[in-house]
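Have a look at the structure below, then the notes.
In our numbering, the protein residues as written are 921 to 1010.
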């Protein structure tokens, strides 16, 4: 299963396969939003959009990205802890 950055819903592999078989290529099986490109900048922008809306799953995801230095972010453990704390409080 994967987390869709557009809606931060976990989409199981079966649902992703069913959506693909129905011709929903390039769209989220849950919310039908066009998927982000595979580049870090697009993924980060999509995640940030959800963070700005106060989505705890997206905040948690961004915290993990800071912790691991992913999506082109510089590794920043204190920032990741701030984000995880914020997500936990929501």
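The beta-carbon is built from N, C-alpha and C at its ideal position, and this holds for glycine as well.
In its own chain, which residues sit with a C-beta less than 6 Å from the C-beta of residue i, not counting the 5 before and 5 after it?
i	result
residue 923	930
residue 1010	976
residue 1003	979, 982, 983
Within the same chain, show all residues whose beta-carbon is closer than 7 Å to that of residue i, passing over the 5 residues directly before and after it, in chain order.
i	result
residue 966	925, 926, 956
residue 962	956
residue 945	none
Let's see if you can read the secondary structure: which residues bound the alpha helix (DSSP H) around residue i?
i	result
residue 971	960-972
residue 1002	997-1009
residue 937	933-941
residue 883	Absent from the model: residue 883. The displayed extent of the chain is 921 to 1010, so no value can be given.
residue 950	Residue 950 -> no alpha helix (DSSP H), and no H or E assigned at all.
Hey, residue i and residue j: beta-carbon distance below 9 Å or not?
i	j	result
residue 980	residue 1007	yes
residue 960	residue 992	yes
Three-pair Cβ contact test at 8 Å for the region 989-1008 versus the region 944-951:
no
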